[in-house]
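Residue numbers (this note's numbering): 5 to 120. Built from N, CA and C at the ideal position, the CB exists for glycine as well. Model, not experiment: these values are computed from the prediction.
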């Protein structure tokens, strides 16, 4: 069992910044991928960014150059640094864990609202 707890969402003006955190605990495989996904009202959940245990990252085209994903293994935490936020970034952001041979897990989500 893996537990993921997100924090750091909120209301911000366009052009502003936020940092999301995902604290993870439980039976974490040493080789894994952590990621952030988001879901806006009426839309499907979509990939934002992922980071492997080796540090390789992947970003959606819509956030490249504005968002940065990172992880602190000592703190068992994954971060999403979001800069130059736009109203279209408004969504519920979910932390995700996956590993080969293991179940995938989702956090409960944190709301990010960007006002114009």
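Based on Cα-Cα distance, which residue from the options lies nearest to residue i?
| i | options | result |
| --- | --- | --- |
| residue 91 | 9, 6, 5 and 14 | 14 |
| residue 94 | 63, 5 and 20 | 20 |
| residue 96 | 7, 47 and 5 | 47 |
| residue 117 | 105, 29, 12 and 31 | 12 |
| residue 89 | 39, 23, 33 and 8 | 23 |
| residue 39 | 51, 32, 66 and 114 | 51 |
| residue 85 | 5, 101 and 74 | 74 |
I need the DSSP call for residue i, collapsed to helix, strand or coil.
| i | result |
| --- | --- |
| residue 27 | strand |
| residue 66 | helix |
| residue 88 | coil |
| residue 103 | coil |
| residue 58 | coil |
Should residue i be counted as a contact of the ligand ADP given a C-beta to heavy atom distance under 8 Å?
| i | result |
| --- | --- |
| residue 106 | Among the components of this structure there are no ligands whatsoever, and the ligand ADP is therefore not found. |
Rounded to a whole number of angstroms, what is the C-alpha to C-alpha distance between residue i and residue j?
| i | j | result |
| --- | --- | --- |
| residue 106 | residue 98 | 19 Å |
| residue 9 | residue 58 | 22 Å |
| residue 67 | residue 5 | 30 Å |
Could you pull out every residue in the same chain whose Cβ sits closer than 8 Å to the Cβ of residue i, ignoring the five residues on either side in sequence?
| i | result |
| --- | --- |
| residue 16 | 22, 89, 116, 117, 118 and 119 |
| residue 108 | 100, 101 and 102 |
Starting from the C-beta of residue i, find all residues in its chain whose C-beta is less than 6 Å away, skip the five residues before and the five after it, and write them out in chain order.
| i | result |
| --- | --- |
| residue 7 | 29 and 30 |
| residue 33 | 103 and 106 |
| residue 37 | 54, 56 and 102 |
If I measure Cβ to Cβ from residue i and keep anything under 7 Å in the same chain, skipping five residues before and after, which residues do I get?
| i | result |
| --- | --- |
| residue 45 | none |
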